[in-house]
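Going by the working numbering, the first residue of the sequence shown is number 22, and it counts up by one from there. Glycine included, C-beta positions come from ideal geometry on N, C-alpha and C. Here the structure is a predicted model, which means the values were calculated and not measured. Structure first, commentary second.
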Amino acid sequence: MLEIKNGFKKYGDKIVLQDINLKFEDGKMYGITGVNGSGKTLISKALTGYIKLTE
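Below you can see the structure in the form of structure tokens.
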């Protein structure tokens, strides 16, 4: 299982993700959709450990 609780990310003074909660259960398929600039790639990178969310 992969999970993000109260995810938050900012670059400098700019908040790019706030209060993100996701839970991906084993054995299921999921998709992430959204408009350009909504944070899809950022969430994918956080889930794979490529970046760390701000604490």
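Exposure label - residue i; buried when at least 16 CB within 10 Å
i	result
Ile64	buried
Lys30	buried
Gly70	exposed
Gly33	exposed
Gly48	exposed
Alpha carbon of residue i to alpha carbon of residue j, nearest angstrom
i	j	result
Lys35	Gly52	26 Å
Phe45	Lys73	18 Å
Lys26	Leu68	11 Å
Met50	Lys61	16 Å
N-terminal and C-terminal residue of the alpha helix (DSSP H) that residue i is part of
i	result
Ile64	Lys61 to Thr69
Those residues which DSSP pairs with residue i across a bridge
i	result
Tyr51	In the DSSP output, where bridge partners are listed per residue, Tyr51 has none listed.
Enclosing beta strand (DSSP E) for residue i [first to last residue]
i	result
Asn27	Leu23 to Tyr32
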